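The structure appears right after this line, and notes come after that.
Protein chains: 2
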Amino acid sequence: MTGYQHSSRILVALDCIIFGFDGEALKLLLIKRNFDPEFGKWSLMGGFLNADEDLHDAATRILFTLTGLQNNYLEQLQTFGAVKRDPVERTISVVYYSLVNIDDQDPLALKTHNASWIDLSNKPRLIFDHDQMVEAALRQLRYKAALYPIGFELLPEKFTVPQLQKLYEAIYNVKLDRRNFSRKIMATELLMGTGEKDLTSVTKKGQLFKLNKEKYQDYLNGYQSFLPEFTELSLS
Amino acid sequence: MTGYQHSSRILVALDCIIFGFDGEALKLLLIKRNFDPEFGKWSLMGGFLNADEDLHDAATRILFTLTGLQNNYLEQLQTFGAVKRDPVERTISVVYYSLVNIDDQDPLALKTHNASWIDLSNKPRLIFDHDQMVEAALRQLRYKAALYPIGFELLPEKFTVPQLQKLYEAIYNVKLDRRNFSRKIMATELLMGTGEKDLTSVTKKGQLFKLNKEKYQDYLNGYQSFLPEFTELSLS
DNA sequence: CCAAAAGTGTTACATATACACCCATGC
DNA sequence: GCATGGGTGTATATGTAACACTTTTGG
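Read top to bottom, the protein sequences are chains A and B.
Last residue of the first sequence: 236 in the UniProt record's numbering, with the numbers rising by one and none dropped.
Last residue of the second sequence: 236 in the UniProt record's numbering, with the numbers rising by one and none dropped.
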C-alpha cells in the first residue's frame, strides 16, 4: 500500500505572528503584500508546508525568511480550517507565534518582503482570518507569559528592571506598581546583575541585568510558576 | 486562477482524545483497531478531513461517529506534523480533545468501533505519536480546568460536591481538603441546590447540585478566573 | 533647585492552608 | 454503638496590593 485510498489531500499553509517590543509598545511584524492574492493589503507572514518538511521546520523556515533569525521562541498556536477561509483554494493554516528581539533582525529581508513593525494598537485590518489569528496569539502570549518567563525573549540581552516592567505593562495593558514588580522579579532569581548601568536612560541610574539561563530553564520546565497573579489578566 | 500553483497537497487527519470520569478515575476512550494500518493495536479515534468540511465540523463528526454524542465540549489542541509520523503516507494530524459524560454515550457505536474506556493510569502504548497527543491533552485539560470550570462537562447533570472533588483529584492527581474545596466551590456560586439527595451514596446524605448555566457562561467568557491556585498544578 | 527616574521599606488585606467538631445513616 | 461519609467553622501563613521616602542625574 502506498497511501490511504480515501479522502482528499489539502493545501497546508503556515502563518506566523511575530511579536516585538520597542521599549514602549508591543509590536507586530506585518506584511504589506507585494504579491497576489490580496495585493496591497496587510497580512501575516506565511507560506506553504512542503511534503518532505516537518511542520515546525516549515515555521522556522518562514520566520527565517522574513527576519533572518533562527533559534527564536516559536510556538504553535492553533490551526484554522474553515472551508472558505482562503477564497483562492481550500487551505488550512497552522498558525505559529514567535517572540523576537526587535533589534536583531535583518533589515534587508524586511525590506524585500515589504514588512514593517506595527504597534498592536494601530494594527490595520488583515486579510482572511488573520485578525482572529492575532487575537488568539495575544491571548496565548498573555497566558503563557503569566506562567513562564518568556517575556525575556522580547528584550535585548541586557536590560533594566523598569524596561522589563514596561514590557509586562504592554503585554497586559495595565499599570504596575514599580516597587512590587521589582520585588517580585528579584524574588524569582532570574536576573543576574552585570555591574553596568543603562546610559541611554535619562538619569543613567538603571542597573543592567542579564537573564540567569539556568533558572530560566527551570521555570520553562515548570517546576514553579512565574507570576501566578497575572493569570487573571490573561482572561480579558 | 483556480488554485495556488506551487506546493503540495497533503493528507489532513484528525485525532480525538476523549476524556471521561467514572466517579473515581479519569478515563480515555480508546480504540482497539479492527482495521489497517496497525491492526490490533490501540489508538485514538481519528479520521480524515474532507475537502468541503470545516475543520471543527470534522472533529464533531468523528466524535459523533464514535460516541453518538453531539454538543459536547470539544476543543482543538495542537497539530502534529512530523514528516514520518504516519508511516503509510505523509499526514498531518489536527488533534482535538473532548470532555464527555461517560453515561451518555451510545454503547452500540462503541462496540462497532471496538472502543473502550481505559483508566488513564492503565493506558496502553498507542500507535504513531498518539501517546504524545494524550500527554499534551492532559496538560491542556489541567491548565484549562484551573481557569475555567469545564470539569462539569465530565459529570452527570446532577452531582454532589464530593463527586466534584473526586473529579478534580483525578484530574490533578492530588488529595484535596474536603472543607476548603467545598467552601471554594460554593463561593463561585456555580452550583444550584436541587433539594434532592444522592441516594446511591452510603449515607444518602450528599446533596445533589445542578450547574448554574448563567454563571457558568460568565466564567467561560472569562470575567473571572475559576480556581487560580490550581494553575500551579498544571505545570507538573 | 527642581523634575524625573530608579532603588528600598512597611503595612494592610485577601486568599490559601491546616486543622476540629458535629450530624445523619446503615449495619 | 460505631464506622463512614458529609456538612460547617476558625486560626495561621503566605502572598498580593497599597502606599512613602531617599538618591542620583540633567537641566
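Here a beta-carbon is modelled for each residue, glycine too, at the ideal position from N, C-alpha and C.
Keep in mind it's a predicted model, so treat the numbers as computed, not measured.
Cβ-Cβ separation, L28 of chain B to I18 of chain B (assumed contact under 8 Å), whole Å = 7 Å
inquiry  = Could you tell me the alpha carbon to alpha carbon distance between P37 of chain A and L74 of chain A, rounded to whole angstroms?
reply    = Between the alpha carbons of P37 of chain A and L74 of chain A lies a gap of roughly 26 Å.
ask   = Skipping 5 residues on each side, what residues in its chain have a beta carbon closer than 6 Å to that of L99 of chain A?
value = F19, Y73, E153 and L154
ask   = Are the beta-carbon atoms belonging to L69 of chain A and Q140 of chain A less than 8 Å from one another?
value = no
inquiry  = Going by DSSP, what residue range makes up the beta strand (DSSP E) through V83 of chain B?
reply    = Element bounds for V83 of chain B: n/a, residue is neither H nor E.
message = Can you tell me which residues form a DSSP beta bridge with G20 of chain A?
response = Partner residues in the beta bridge of G20 of chain A, as assigned by DSSP, are A:K27.
message = Please tell me whether D198 of chain A and P156 of chain A are closer than 8 Å, where the distance is taken between their beta carbons.
response = no
query = Roughly how many angstroms separate the alpha carbons of P228 of chain B and R33 of chain A, rounded to a whole number?
reply = 43 Å
Interface residues of chain A facing Y4 of chain B [CB-CB closer than 8 Å] = L11, F48, V88, E89 and T91
task = Tell me, please, whether the region 199-208 of chain A touches the region 180-190 of chain A by the rule of three or more beta-carbon pairs shorter than 8 Å.
result = In short, these stretches do not touch, since the Cβ pair count stays below three.
Contact set between the region 61-82 of chain B and chain A, restricted to residues whose Cβ is under 8 Å from the partner = Per Cβ criterion, the list reads Q76, Q78, T79, F80, G81 and A82.
ask   = Quick one: which chain A residues come within Cβ less than 7 Å of T231 of chain B?
value = L147, S225, P228 and T231
task = Return no unless some Cβ of chain B is closer than 8 Å to the Cβ of L235 of chain A.
result = It does: the Cβ of L235 of chain A has a partner Cβ on chain B nearer than 8 Å.
key: Helix, strand or coil at G46 of chain B according to DSSP, with G and I counted as helix   = Strand at G46 of chain B.
query = Would DSSP call S116 of chain B helix, strand or coil?
reply = strand
message = Can you look up Q217 of chain A in the DSSP assignment and give me helix, strand or coil?
response = helix
ask   = D86 of chain B: buried (16+ other C-beta within 10 angstroms of its C-beta) or exposed?
value = Answer is buried; the Cβ neighbour count reaches 16.
task = Check whether the Cβ of D15 of chain B lies closer than 8 Å to any Cβ atom in chain A.
result = For D15 of chain B, the nearest beta carbon of chain A is not closer than 8 Å to its own beta carbon.
task = Please classify G40 of chain B: does DSSP put it in a helix, a strand, or coil?
result = coil
task = Grab the span of the alpha helix (DSSP H) containing K197 of chain A for me, first residue to last.
result = K197 of chain A -> not in any alpha helix (DSSP H); beta strand (DSSP E) instead, spanning L191 to K197.
message = Rounding to the nearest angstrom, what Cα-Cα distance links K167 of chain B and R179 of chain B in this structure?
response = With the sequence shown as reference, residue 167 of chain B is identified as Leu, and Lys is not the correct amino acid for it. Approximately 16 Å between the Cα atoms of the pair.
inquiry  = Taking the beta carbon of E53 of chain A as the centre, do at least 16 other beta carbons fall within 10 Å, making it buried, or is it exposed?
reply    = buried
message = Output needed for S93 of chain B: all residues of its chain with C-beta closer than 6 Å, excluding positions within five of it in sequence on either side, in chain order.
response = A13, D15 and F80
Closest residue to I171 of chain A among A:T188, A:T60, A:L120 and A:L55 (Cα-Cα distance) = A:L120
query = Is there at least one Cβ from chain B nearer than 8 Å to G40 of chain A's Cβ?
reply = G40 of chain A does not count as touching chain B.
For L147 of chain A, the first and last residue of its enclosing alpha helix (DSSP H) = Here the alpha helix (DSSP H) through L147 of chain A covers H130 to L147.
inquiry  = If we define contact as Cβ-Cβ less than 8 Å, is E214 of chain B a contact residue for chain A?
reply    = no
query = Would you call T112 of chain A buried or exposed, if buried means 16 or more other Cβ atoms sit within 10 Å of its Cβ?
reply = exposed
Residue-chain proximity (S8 of chain B, chain A), Cβ-Cβ < 8 Å = yes
ask   = For L55 of chain A and chain B, any beta-carbon pair shorter than 8 Å?
value = yes
inquiry  = Check this for me: beta carbons of S43 of chain B and I62 of chain B, under 8 Å apart or not?
reply    = Going by C-beta atoms, S43 of chain B is not nearer than 8 Å to I62 of chain B.
query = Would DSSP call Y168 of chain B helix, strand or coil?
reply = Of the three classes helix, strand and coil, the one that applies to Y168 of chain B here is helix, per DSSP.
key: Among A:V161, A:K215 and A:M45, nearest to I127 of chain A - alpha-carbon criterion   = A:M45
task = Go ahead and pull the three-state DSSP assignment for Q207 of chain A.
result = Reduced to three states, the DSSP call for Q207 of chain A is strand.
query = If we count the other Cβ atoms within 10 Å of its Cβ and call it buried at 16 or more, is D177 of chain A buried or exposed?
reply = exposed
query = Which residues share a DSSP beta bridge with Q76 of chain B?
reply = B:Y96
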